[in-house]
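**Student:**
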Amino acid sequence: DAGVIQSPRHEVTEMGQEVTLRCKPISGHNSLFWYRQTMMRGLELLIYFNNNVPIDDSGMPEDRFSAKMPNASFSTLKIQPSEPRDSAVYFCASTEDTLDIQYFGAGTRLSVL
Amino acid sequence: AQSVTQPDIHITVSEGASLELRCNYSYGATPYLFWYVQSPGQGLQLLLKYFSGDTLVQGIKGFEAEFKRSQSSFNLRKPSVHWSDAAEYFCAVVERGSNYKLTFGKGTLLTVNP
Chain A
18 DAGVIQSPRH EVTEMGQEVT LRCKPISGHN SLFWYRQTMM RGLELLIYFN NNVPIDDSGM
78 PEDRFSAKMP NASFSTLKIQ PSEPRDSAVY FCASTEDTLD IQYFGAGTRL SVL
Chain B
63 AQSVTQPDIH ITVSEGASLE LRCNYSYGAT PYLFWYVQSP GQGLQLLLKY FSGDTLVQGI
123 KGFEAEFKRS QSSFNLRKPS VHWSDAAEYF CAVVERGSNY KLTFGKGTLL TVNP
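Here the protein sequences come in this chain order: A and B.
Number 130 marks the last residue of the first sequence (the working numbering); no jumps.
Number 176 marks the last residue of the second sequence (the working numbering); no jumps.
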């Protein structure tokens with residue numbers, strides 16, 4: 018398996034623009050996680066899906082952030098409108114069992130100017 | 063408050079030297095414990111995990127970690143460091159009952175000198 022695939026790897030956008038980050042989990046995994054990594058706050062869980070259903074979105078910063086998982090092989094994290102403070106590396110991870118190993122993608126480095 | 067603490071932000075060791083990275087947690091009940099490694103520009107990779115049983119856990123790449131309940135610690139060790147071990151290391155916990163929510167420490171950056 019190719020692992021968790023995230024796209025794009027890098028995204029540079031201007032404040033106010035819409036940004037969509039994409040994730041393809043490992044085939045057969047039923048849990049998917051979105052994380053954000055910043056120098057100040059470290060790694061934070063944004064949202065967790067199980068069987069394509071959002072279970073916990075308490076980490077989503079505000080209404081500008083939304084995440085979807087229309088099927089078992091695809092998820093998106095959208096920021097609209099984007100702000101400079103959203104600049105971070107966003108990781109997607111998937112797992113077959115919620116207490117098992119989480120496999121991380123390589124991340125998307127987002128820069129909002 | 064519940065927390066995961068990695069006291070050392072940055073550690074430098076010489077190649078071939080031993081390594082110990084510290085991790086302390088503050089939870090009511092012993093959480094599930096993990097160590098992840100992040101190489102530059104990459105995602106995180108699991109090194110090892112502790113749920114119960116033997117308090118000395120073996121992981122990949124020659125790493126091991128010891129759970130000490132009395133000290134609320136889960137320190138990562140390696141007897142002889144290789145240059146390829148240079149990376150950032152994260153201790154993480156899942157609170158029992160939560161079953162999924164990984165809470166990460168702030169990480170320890172390891173530099174290996176030749």
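Here a beta-carbon is modelled for each residue, glycine too, at the ideal position from N, C-alpha and C.
Using the DSSP secondary-structure output, state which residues sit across from residue 27 of chain A in a beta bridge.
**Tutor:** According to DSSP, residue 27 of chain A bridges with A:126.
**Student:** Which of the three DSSP states is assigned to residue 123 of chain B in this structure?
**Tutor:** If DSSP states are grouped into helix, strand and coil, residue 123 of chain B belongs with the helices.
**Student:** Taking Cβ positions, are residue 45 of chain A and residue 61 of chain A nearer each other than 8 Å?
**Tutor:** Contact: no.
**Student:** Quick check on the DSSP output: the beta strand (DSSP E) that includes residue 73 of chain B runs from which residue to which?
**Tutor:** Unbroken beta strand (DSSP E) run through residue 73 of chain B: 72-76.
**Student:** Just to confirm, are residue 155 of chain B and residue 98 of chain B a CB contact at a threshold of 8 Å?
**Tutor:** The answer is no: Cβ separation not under 8 Å.
**Student:** Are residue 136 of chain B and residue 95 of chain B close, meaning C-beta to C-beta below 8 Å?
**Tutor:** Yes, they are a contact pair.
**Student:** Kindly list the residues whose CB is nearer than 7 Å to the CB of residue 104 of chain A, restricted to its own chain and excluding five residues on each side of it in sequence; keep chain order.
**Tutor:** 127, 128, 129.
**Student:** Along chain A, in chain order, which residues have C-beta atoms closer than 8 Å to that of residue 138 of chain B?
**Tutor:** Ordered by position in chain A, no residue passes the 8 Å Cβ test against residue 138 of chain B, which lies about 16 Å from the chain.
**Student:** Counting only Cβ pairs nearer than 8 Å, list the residues of chain A close to residue 163 of chain B.
**Tutor:** Going along chain A in sequence order, the residues near residue 163 of chain B (Cβ under 8 Å) are 62, 65, 73.
**Student:** What residues in the stretch 82-113 of chain B have a beta carbon less than 9 Å from any beta carbon of chain A?
**Tutor:** Per Cβ criterion, the list reads 94, 96, 98, 100, 103, 104, 105, 106, 107, 108, 111, 113.
**Student:** Looking only at its own chain, which residues have a Cβ that is under 7 Å from the Cβ of residue 86 of chain A, when we skip the five neighbours before and after it?
**Tutor:** 49, 66, 69, 92.
**Student:** Against chain B, does residue 84 of chain A count as a neighbour if the rule is that its beta carbon must be under 8 Å from one of theirs?
**Tutor:** No, because no Cβ of chain B sits closer than 8 Å to the Cβ of residue 84 of chain A.
**Student:** How many Å lie between residue 84 of chain A and residue 78 of chain A at the Cα?
**Tutor:** Near 12 Å, if we compare the C-alpha coordinates of residue 78 of chain A and residue 84 of chain A.
**Student:** Just to confirm my understanding: we take residue 134 of chain B, look at its own chain, exclude 5 residues before and 5 after, and list those with CB closer than 6 Å. What are they?
**Tutor:** Hits under 6 Å: 86, 87.
**Student:** From this set, B:165, B:140, B:106, B:162, which residue's C-alpha is nearest residue 125 of chain B's C-alpha?
**Tutor:** The shortest C-alpha separation from residue 125 of chain B is found at B:140.
**Student:** Any Cβ of chain A within less than 8 Å of the Cβ of residue 121 of chain B?
**Tutor:** Not an interface residue.
**Student:** Excluding five sequence neighbours on each side, which residues of the same chain lie with their C-beta closer than 7 Å to the C-beta of residue 108 of chain A?
**Tutor:** So the list reads 52, 54, 121, 122, 124, once near-sequence residues are dropped.
**Student:** Would you identify the three-state DSSP class for residue 146 of chain B, choosing helix, strand or coil?
**Tutor:** Residue 146 of chain B falls in the helix class under three-state DSSP.
**Student:** So, residue 34 of chain A versus residue 99 of chain A, is the Cβ gap smaller than 8 Å?
**Tutor:** For residue 34 of chain A and residue 99 of chain A, yes; Cβs fall inside 8 Å.
**Student:** Can you name the start and end residues of the beta strand (DSSP E) that residue 105 of chain A belongs to?
**Tutor:** 105-112 is the extent of the beta strand (DSSP E) around residue 105 of chain A.
**Student:** So residue 29 of chain A and residue 111 of chain A are supposed to be a Cβ contact under 8 Å. How far apart are they, rounded?
**Tutor:** Their Cβ separation, rounded to whole angstroms, is 26 Å, which puts residue 29 of chain A and residue 111 of chain A out of contact at 8 Å.
**Student:** When the Cα of residue 23 of chain A is compared with those of B:159, B:71, B:112, B:104, which residue comes out closest?
**Tutor:** Nearest of B:159, B:71, B:112, B:104 to residue 23 of chain A, Cα basis: B:104.
**Student:** What does DSSP give as the partner residue(s) for residue 109 of chain B in the beta ladder?
**Tutor:** Paired residues: none, contrary to the question.
**Student:** Taking Cβ-Cβ distances shorter than 7 Å, what residues in chain A pair up with residue 169 of chain B?
**Tutor:** Simply 59.
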